[in-house]
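J.: One structure is given below, represented as structure tokens, and several questions about it will come after.
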Ligand code: DC
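In this note's numbering, the protein residues as written are 47 to 259.
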């Protein structure tokens, strides 16, 4: 079974998806981390981020890997913490926008998603990567709440700059952020993580029960 969790930055995707995967005993795949790792590598190699084809080749030649503890590596380097810096936040939509990059990522995400039960989080999982996912969730929250949540994870940047970054990133990501028509939408602004996880877990159990009937 595939559980697709999409939504904008700060909507709670990572926290919810991780906890949900743990409760269900499913694997967890963070597709944003893949775009972040590629952005890190392109910047490290000083490649122009506006050129799609070379970035697609870079992605193909350097698959992102996750170990069992969820650590992220690319080209032999553990980039788990460096990909969460605000300089990556700012550049990742520039890289993620190229069709050549998305084609490589989509293929790899499908491969990784094929192996048994998995919770996959991203922006286009329910629409493009796994349109047949048995459970599709679209998480959202109001922009002030999303900026506040991001702030606690980004000690390297001030609140105003972060809110601006988040708005710019939303605008740039917007084309890929359309909820799948069959996604269950959850506004997490007023909800505790645990409540969101429990609600999705119920949906998963319902689907599992229906498929066994
Ligand atoms: O969820 P995140 O903040 O780690 O995502 C990082 C960036 O990658 C985000 O700006 C949008 C992009 N992204 C994407 O285009 N498609 C995905 N499936 C996941 C992330």
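The beta carbon of each residue, even a glycine, is placed where N, CA and C say it ideally should be.
Put residue 181 into one of helix, strand or coil per three-state DSSP.
T.: Residue 181: strand per DSSP, three-state reduction.
J.: I want to check one thing, is the minimum distance from the CB of residue 171 to the heavy atoms of ligand 1 below 7 angstroms?
T.: True, at least one ligand heavy atom lies under 7 angstroms from that Cβ.
J.: Taking 7 angstroms as the cut-off, is the CB of residue 219 close to at least one heavy atom of ligand 1?
T.: Yes, Cβ of residue 219 sits closer than 7 angstroms to a heavy atom of ligand 1.
J.: Just list the alpha helix (DSSP H) runs in the segment 130-190, keeping only unbroken ones of 4 residues or longer that don't cross its boundaries, in chain order.
T.: Correct list: 132-142 and 145-159.
J.: Figure out for me which residue from 169, 166 and 144 has the closest Cα to the Cα of residue 104.
T.: Taking only the C-alpha atoms, the option nearest residue 104 is 144.
J.: Assuming residue 246 is part of the alpha helix (DSSP H), what are its boundary residues?
T.: It spans 239-258 - the alpha helix (DSSP H) in which residue 246 sits, taken as one unbroken run.
J.: Would you tell me roughly how many angstroms separate the C-alpha atoms of residue 260 and residue 58, rounded to the nearest one?
T.: With the chain covering only 47 through 259, there is no way to say anything about residue 260.
J.: Cutting at 6 angstroms between CB atoms, please list the residues of its own chain near residue 243, excluding the five before and the five after it.
T.: Here the set comprises 62, 65 and 66.
J.: Taking 7 angstroms as the limit between beta carbons, can you name the residues of its chain near residue 192, skipping five residues before and five after?
T.: So the list reads 54, 55, 56, 57 and 212, once near-sequence residues are dropped.
J.: Can you tell me which of 222, 82 and 250 puts its alpha carbon nearest to the alpha carbon of residue 71?
T.: Here the closest residue by C-alpha is 250.
J.: Is residue 75 helix, strand or coil by DSSP?
T.: Of the three classes helix, strand and coil, the one that applies to residue 75 here is strand, per DSSP.
J.: When the Cβ atoms of the segment 123-142 are set against those of the segment 171-189, are three or more pairs found closer than 8 angstroms?
T.: No: fewer than three Cβ pairs fall under 8 angstroms.
J.: Rounding to the nearest angstrom, what Cα-Cα distance links residue 118 and residue 259 in this structure?
T.: Distance between the alpha carbons of residue 118 and residue 259 is about 39 angstroms.
J.: Going by DSSP, what residue range makes up the alpha helix (DSSP H) through residue 216?
T.: Segment 205-219, the alpha helix (DSSP H) holding residue 216.
J.: Just to confirm my understanding: we take residue 129, look at its own chain, exclude 5 residues before and 5 after, and list those with CB closer than 8 angstroms. What are they?
T.: Cβ neighbours of residue 129 beyond the five flanking positions: 79, 82, 83, 85, 86 and 118.
J.: Beta-carbon within less than 7 angstroms of residue 108's beta-carbon, same chain only, minus the 5 sequence neighbours each way: which residues are those?
T.: Taken in chain order, the residues that qualify are 87, 120 and 121.
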